[in-house]
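Heads up, the final residue of the sequence shown is numbered 247 in my numbering, and it's a clean run with no missing numbers. Take a look at the structure set out below.
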Amino acid sequence: MKPIVQISLDLTNITEAIETAHMAIRAGVDWLEAGTPLILAEGLHGVRALRQEFPQTPIVADLKTMDGGYLEAEMMAGAGATHVVVMARAHEETIRCVVKAGQDYGVKVMGDNMVCPDRIAGARWLEDLGCDYVIHHIGYDERRGIAARGERMPSPLDELREVCQAVKVPVQAVGGLSLEQAIACPAYGAPLVVLGAPLTIDADSFKTADGDLESSLRMICDAIHSHDAS
Numbered sequence: 018m019k020p021i022v023q024i025s026l027d028l029t030n031i032t033e034a035i036e037t038a039h040m041a042i043r044a045g046v047d048w049l050e051a052g053t054p055l056i057l058a059e060g061l062h063g064v065r066a067l068r069q070e071f072p073q074t075p076i077v078a079d080l081k082t083m084d085g086g087y088l089e090a091e092m093m094a095g096a097g098a099t100h101v102v103v104m105a106r107a108h109e110e111t112i113r114c115v116v117k118a119g120q121d122y123g124v125k126v127m128g129d130n131m132v133c134p135d136r137i138a139g140a141r142w143l144e145d146l147g148c149d150y151v152i153h154h155i156g157y158d159e160r161r162g163i164a165a166r167g168e169r170m171p172s173p174l175d176e177l178r179e180v181c182q183a184v185k186v187p188v189q190a191v192g193g194l195s196l197e198q199a200i201a202c203p204a205y206g207a208p209l210v211v212l213g214a215p216l217t218i219d220a221d222s223f224k225t226a227d228g229d230l231e232s233s234l235r236m237i238c239d240a241i242h243s244h245d246a247s
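Dropping the structure here:
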């Protein structure tokens, strides 16, 4: 599939999220994500506001479902989400419930392998249970805690090729990636590239001379979209 750029709106109020989303769409972003902080702060209102403002744009609701799978997916679909996220460490029945809700309401299911003891096996498990996409994810606390102990911080790139080879569904890598690493993800076989907002722009590589964030993001989107479709 052709590379897709998704921006994670990890913000805590609707107004800022919508402003950032407009900038991102102008810059060439394909999908919007109602990030976990936005959903925690604004609930379904955040998803509804994004859908009202962007009626044709795919919207990922990153609720990280662990239980109540059918109801949570149903509610997110009703609010306008086109994609919902369920965790691999949820019970098998929860994952099945989310997949069933996805089928019933026409939304895609993204399975997240965060904290799986074997993330490659976790990715296969998610695909086998019917998830449409796999999120290969190293969590924030995990990365920071390991680094604080003086050990090497893990990266999703460590096993990204193996995860992509293990499943047939599209893969997205999440967790502490630099912009250069995010741009390289399609070359690893992962066509779904997520960028966090607020964005940290690498001044040496991507920040424009006048500090224009939109222009910088456009350069990043162009670089990702320039990868050949696999």
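For each residue, glycine too, the CB sits at the ideal point set by N, CA and C.
Residues of its chain near residue i, where Cβ-Cβ distance is below 8 Å and the 5 sequence neighbours each way are ignored
| i | result |
| --- | --- |
| K125 | T99, H100, V101, G119, D149 and Y150 |
| A240 | I200 |
| H39 | E70 |
| D227 | Caution is warranted here: a pLDDT of 47 is assigned to D227, below 50, making its placement in the model unreliable, and the coordinate value is therefore given only provisionally. Contacts found: none. |
| M93 | L61, V64, A78, L80, V101 and V124 |
| Q87 | According to the sequence as given, residue 87 is Tyr; it is not Gln. These residues qualify, in order along the chain: C114, V115, K117 and A118. |
| D121 | E91 |
Member of the options whose CA lies at the smallest distance from the CA of residue i
| i | options | result |
| --- | --- | --- |
| P208 | V180, D229 and S233 | V180 |
| Y157 | G147, L146 and P173 | P173 |
| V46 | M104, D145 and E231 | E231 |
| K185 | E59, V22, I137 and P72 | I137 |
| V210 | A38, M93 and H153 | H153 |
| D84 | Q73, P72, C114 and H62 | C114 |
| E91 | L146, A105 and T111 | T111 |
| A204 | L196, H108, R141 and R178 | R178 |
| V22 | T37, T29, E33 and E50 | E50 |
| P187 | A66, A140 and L146 | A140 |
| T82 | L55, D129 and R68 | D129 |
| V132 | L212, C238, R160 and H244 | R160 |
| L28 | W48, Y122 and L55 | L55 |
| A96 | V64, I24 and I76 | V64 |
| E144 | L212, V103, P75 and R169 | V103 |
| G206 | I76, E109, D245 and G162 | D245 |
Close beta carbons around residue i, own chain, < 6 Å, minus the five adjacent residues each side
| i | result |
| --- | --- |
| R70 | Note that residue 70 is Glu in the sequence shown here, rather than Arg. Once the five neighbours on either side are set aside, the close Cβ partners of E70 are I35. |
| I155 | P171, P173 and G192 |
| A107 | M83 |
| A41 | I24 |
| C202 | A190 and V210 |
| G147 | V116 |
| P75 | W48 and T99 |
Residues bridged to residue i (per DSSP)
| i | result |
| --- | --- |
| D129 | M104 and I152 |
| I24 | L49 and L212 |
| V191 | H154 |
Cβ-based neighbour list, residue i, same chain, cut-off 7 Å, excluding 5 preceding and 5 following
| i | result |
| --- | --- |
| H62 | I31 |
| D221 | Model confidence at D221 stands at a pLDDT of 39, short of 50, so the residue's coordinates are unreliable and nothing is read from them. |
| R43 | E231 |
| Q198 | L174 |
| W142 | A105 |
Status (buried if at least 16 other CB within 10 Å, exposed otherwise) for residue i
| i | result |
| --- | --- |
| Q73 | exposed |
| E89 | buried |
| G60 | exposed |
| S195 | exposed |
| Q182 | exposed |
| M18 | exposed |
| P20 | buried |
| D135 | exposed |
| A164 | exposed |
| S243 | exposed |
| G52 | buried |
| D229 | exposed |
| C238 | buried |
| E176 | buried |
| L67 | buried |
| L57 | exposed |
Open item on the list: What ranges does the beta strand (DSSP E) occupy inside the region 70–125, keeping only unbroken runs of at least 3 residues that lie completely in it?
Closed with: 76–82 and 100–104
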